[in-house]
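Single-structure report; data block below.
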Ligand SMILES: [Zn+2]
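In my numbering, the protein residues as written are 4 to 414.
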């Protein structure tokens with residue numbers, strides 16, 4: 004759809020779901036009432052700015068007070084097929100007929116086709132992703148699902164081999180575990196297995212891991228992004244240049260402090276609205292950071308794309324009045340291949356913010372002062388701020404450590 008027509012389509016669907024949800028979901032009614040609005044006040048996506056954002060923590064709290072769904076359900080509970088339980092705990096209602104097409108669009112864009120035999124290695128227990136979203140979407144596409152769930156790596160290899168399964172659904176790290184196990188069993192991943200396409204989600208996908216897996220199996224791997232509450236919010240096409248927003252979702256990128264919508268290219272929180280009548284979340288904050296790009300994609304899809312996921316909103320910090328986020332820290336590190344682990348420390352000295360980029364080097368180098376100057380330039384370039392560099396011994400920064408640590412105290 005051309006952009007203008009798609010916008011019109013989304014606005015029309017927005018008006019309809021707000022009307023519907025106001026009538027059928029007590030939580031959405033309360034949300035509008037809390038700011039003195041009626042459904043007629045929400046005509047377009049820009050009007051969404053008038054509504055508060057529901058954060059995951061709010062959802063947990065509201066569900067605790069008013070179980071099981073906090074009043075967010077838009078249909079009588081008696082009509083549901085399943086109730087899912089996600090960490091939080093958060094309950095998600097599961098309708099009888101799964102109507103969402105977004106994950107199916109994601110799989111299609113990634114090369115899944117009718118008749119493909121897919122192992123679904125996402126966790127089937129309790130949470131909605133594997134059973135509700137992935138399984139139903141594979142069915143919609145006409146693919147055959149082998150509901151293997153996660154774990155039992157050796158058995159997964161046998162299944163892939165015996166069934167000549169050509170499609171994989173799961174996390175990138177689990178696909179790597181399968182690859183390692185199969186090699187350990189003496190198999191040739193390209194000859195003895197038949198994997199052609201992979202749909203990966205729920206985990207970051209480093210490019211190095213993607214190319215390693217694609218090369219090992221001789222397959223194509225595309226990633227998607229979404230949440231258990233609201234479903235798919237982005238997926239890669241063959242071009243691999245960001246994640247297209249599904250046609251039936253509204254995604255805003257907003258300033259984490261003010262909730263105002265940001266322009267393409269500006270980093271902010273991903274806030275989403277779905278048209279699902281069973282669980283009509285309106286202005287739901289994912290807590291993830293990204294930025295939009297609207298440059299045309301050679302694949303022909305006209306939807307805007309999430310450039311990439313930049314980290315969590317709770318790690319966004321203001322230094323000397325400017326926001327910094329984990330994505331920028333990664334960007335700086337990626338410009339210097341000799342950097343191993345890294346982390347930004349924000350401290351306060353005599354009422355002034357100080358920023359220190361801590362760096363572990365992959366190996367000792369001789370021209371360390373040159374590198375210091377180069378990293379300092381990258382920091383200025385990416386963050387528009389001045390920062391100090393501290394080289395620390397390998398092993399100082401724990402694996403999986405936060406990218407930004409705020410050590411300021413405000414007494
Ligand atoms: Zn595309």
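Just so it is clear, CB atoms sit at the ideal spot from N, CA and C, and this is done for glycine as well.
- For residue 411, the CB contacts under 8 Å within the same chain, skipping 5 residues up- and downstream, are 349, 350, 351, 356 in chain order.
- If the five residues before and after residue 385 are omitted, its C-beta is found closer than 7 Å to the C-beta atoms of 331, 334, 335, all from its own chain and listed in chain order.
- Judged by their CB atoms, residue 231 and residue 52 are not nearer to each other than the 7 Å cut-off.
- A contact between stretches requires three or more CB pairs, one per stretch, nearer than 8 Å, and the stretch 101-117 fails this requirement with the stretch 52-61.
- DSSP, reduced to helix, strand and coil, places residue 354 outside both helices and strands of the structure shown, so it counts as coil.
- Excluding five sequence positions before and after residue 137, the CB atoms of its chain that fall closer than 7 Å to its own CB belong to 106, 123, 125, 172, given in chain order.
- Restricting attention to 378, 184, 305, 145, the CA atom closest to the CA of residue 251 is found in 305.
- Contact residues of ligand 1 (beta-carbon closer than 6 Å to any heavy atom; chain order) are 240, 242, 247, 300, 302, 304.
- Excluding sequence positions up to five before and after residue 359, its CB lies within less than 6 Å of the CB of 348, 391, 393, all in the same chain and listed in chain order.
- The three-state secondary structure of residue 84, taken from DSSP, is coil.
- In this structure, residue 381 places its C-beta atom within 7 Å of the C-beta atom of residue 338.
- Within the DSSP secondary-structure output, residue 226 pairs in a beta bridge with 203.
- Listed in chain order, the non-local C-beta contacts of residue 383 below 7 Å within the same chain comprise 389, local neighbours out to five positions each way being set aside.
- In the structure shown, residue 122 falls within a strand segment according to DSSP collapsed to helix, strand and coil.
- If the five residues before and after residue 368 are omitted, its C-beta is found closer than 7 Å to the C-beta atoms of 341, 374, all from its own chain and listed in chain order.
- Contact between the stretch 69-81 and the stretch 212-219 is not established, with fewer than three Cβ pairs separated by less than 8 Å.
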